[in-house]
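Residue numbers (this note's numbering): 883 to 1160. Backbone N, C-alpha and C fix where the C-beta goes; we use that ideal spot for every residue, glycine too. Here the structure is a predicted model, which means the values were calculated and not measured. See below for the structure under consideration.
Now the structure itself:
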C-alpha cells in the first residue's frame, strides 16, 4: 500500500506522493491508473515530491495520460502546502526544483497551515523557438492560425510549458473537447500545447477556460492563468506591473506580469489522504 495526499489549487487536483525516502516506480503507469475519475481515485495526474540538492524539494508532474509535464502552477503551490503542512518545512520562503527551473514561493500561513503562496514563476518566454511553435519572427502576438477549418488570432507564451491564448466573447459556449484537442495537436506545436480561451471582462480582469495537453479541460491551470495574463498585456487589454484578476472555473488567481518575471498568487487545499495498492 502506498500513501497519497490529494490536494487541489482552485480545482486543479493531483495526487501527491512523498518520495523523499522511497521513489514511486513506473509513475507514468500510476498516473494513468489513478487519474480515472469513474474507475479510480480521480485527478488531473500525479505529482512526486522528493529531495533536491538545490532547493527545499523537487517535484515531478505526470499528466492523466502518463506524459510528464515540466511545470504546473497550481501544483507547485500544493507542493508548498505539502512541504509546509506535512513535512513541516515551515519557512516564509520555500523553493521547489522543477523541470523548468527553481520556483520560489512566499508563504502566507495561519495556525501552522499554509493558506496561500505567491510564486515567482520566472520570465515569460515569447520567442517561438522557446515555446516551441513553428512561427517566424521574434514573437507570436495576435497571429492567425487555422484550427478545425476556422481562423483564430493567437498569442503564444511559454511559462516553462507551451501555451496558446486566444480571445473570445464567451469561453463557456465553446465545444472545448472538440476544439481543445485540435489546438493541442496542431502541427505548429511540435510538443503539443495548452490552450487558453479568454474573455476580457474589464481592465485587469479576465475570465478563461483551459485545455491542458495530456489532461483535457481542467478547472484551473496556474501556468495557463499566467500565460493568459501575459497575452492580455501584450494585446493591450491589461497593464504590465499591475495585479490582474483571472477567473477560472475552479476559482480565482492573481497574476502580475513584469519585465523580469511573472508572479502568481493563490491558495492550495487538502482534499483527503488515502492509501492505494499499486
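In the three-state reduction of the DSSP assignment, residue 1035 falls in the strand class, which pools E and B. The continuous stretches of alpha helix (DSSP H) do not include residue 1094, which lies in the beta strand (DSSP E) extending over residues 1087 to 1094. Pairing residue 1080 with residue 1025, the inter-Cα distance amounts to about 15 Å. In this structure residue 907 is not in contact with residue 928, their Cβ atoms being roughly 12 Å apart against a cut-off of 8 Å. Taken through DSSP and simplified to helix, strand or coil, residue 897 comes out as strand. Residue pairing by DSSP puts residue 1026 in a beta bridge opposite 1035.
Per the C-alpha coordinates, the member of 1139, 1146, 1033 and 900 positioned closest to residue 969 is 900. If the five residues before and after residue 925 are omitted, its C-beta is found closer than 6 Å to the C-beta atoms of 895, 896, 897 and 917, all from its own chain and listed in chain order.
With fewer than 16 other Cβ atoms inside 10 Å of its own Cβ, residue 1033 counts as exposed. At the C-beta level, residue 1113 and residue 1055 stay beyond 8 Å of one another. Per DSSP, the continuous alpha helix (DSSP H) segment holding residue 1105 begins and ends at 1104 to 1116.
In this structure, residue 986 places its C-beta atom within 8 Å of the C-beta atom of residue 977.
Boundaries for residue 924: no beta strand (DSSP E) harbours it, and the DSSP string shows neither H nor E there. Three or more beta-carbon pairs drawn from the stretch 1140 to 1154 and the stretch 949 to 967 are found closer than 8 Å, and the two stretches are therefore classed as touching.
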